[in-house]
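In this note's numbering, the protein residues as written are 177 to 372.
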């Protein structure tokens, strides 16, 4: 989330189509503050800070979708369900994404301007915030499946297709890693006796 906000700040500061006065540090800070207001673009896909009740697509901002995509891509290849079981919706991932985005915007509008590093995303630093998102906006999605489906469709549209020829898969510390298909214990008794 912090990287997404940083990228948007850099893009805004470098955008020559914007008037110079809109690219200053003060103007960018003002813009960041507007994004995190009720109805703002930090959280809503169709923001409206002037009339927050008219903002639409809560939890579908580009920032939240980018973080959610990270979670969805990380789950690729994992076994989320037993045969025939519904895995449910990724409510935890959505709540984590919302909390991460809120924290990133708040940091960029506060401590970052003072040179204070952002605290790590942990249960102690973000657990209560994540829980509040889960119990409010994410619960609203659970209760309105058509909205959940719309959010997941928007996120899945951004998920990069798996590509075995992708160079990034052939380099780096994780290039040999393969997610095992199932972590379930074997069925029946296990014979640990040595056959030799």
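Built from N, CA and C at the ideal position, the CB exists for glycine as well. Since we're looking at a predicted model, the values are computed, not measured.
Requested in this report: With DSSP collapsed to three states, give me the class of residue 279.
Outcome: helix
Query raised in the report: Going by other Cβ atoms of all chains shown within 10 Å of its Cβ, with 16 needed for buried, is residue 285 buried or exposed?
Result: That one is buried.
Query raised in the report: Considering only residues of the same chain and omitting the five flanking positions on each side of residue 230, which have a CB-CB separation below 6 Å?
Result: Excluding sequence neighbours, residue 230 sits near 224.
**Report entry** Residues near residue 265 in its chain [Cβ-Cβ closer than 6 Å; skip 5 each side]
**Finding:** 324
Query - Inter-residue Cα distance where the pair is residue 239 and residue 192 - result: If I take the Cα positions, the gap works out to 23 Å.
Query raised in the report: What is the residue span of the beta strand (DSSP E) that residue 222 lies within?
Result: 220 to 222
Query raised in the report: In three-state terms, what does DSSP make of residue 234?
Result: strand
Report task. Ignore the nearest five residues each way along the sequence and tell me which others in residue 210's own chain have a CB closer than 7 Å to its CB. Result -> Here the set comprises 216, 225.
**Report entry** Beta-carbon gap between residue 314 and residue 273 smaller than 7 Å
**Finding:** no
Requested in this report: Could you spell out the range, first to last residue, of the alpha helix (DSSP H) harbouring residue 206?
Outcome: 201 to 211
Query raised in the report: With 16 as the cutoff for other CB atoms within 10 Å, does residue 348 come out buried or exposed?
Result: Below a pLDDT of 50, predicted positions are generally treated as unreliable, and residue 348, at 47, falls in that range; the measurement from the model is reported next regardless. Exposed, because fewer than 16 other Cβ atoms sit within 10 Å of the Cβ of residue 348.
Requested in this report: Buried or exposed for residue 236, please, with buried defined as at least 16 other CB atoms from any protein chain shown within 10 angstroms of its CB.
Outcome: buried
Query raised in the report: CB-CB under 6 Å to residue 283, same chain, minus the five flanking residues each way: which ones, in chain order?
Result: 294
Query - Separation of residue 248 from residue 319, as counted between CA atoms - result: 21 Å
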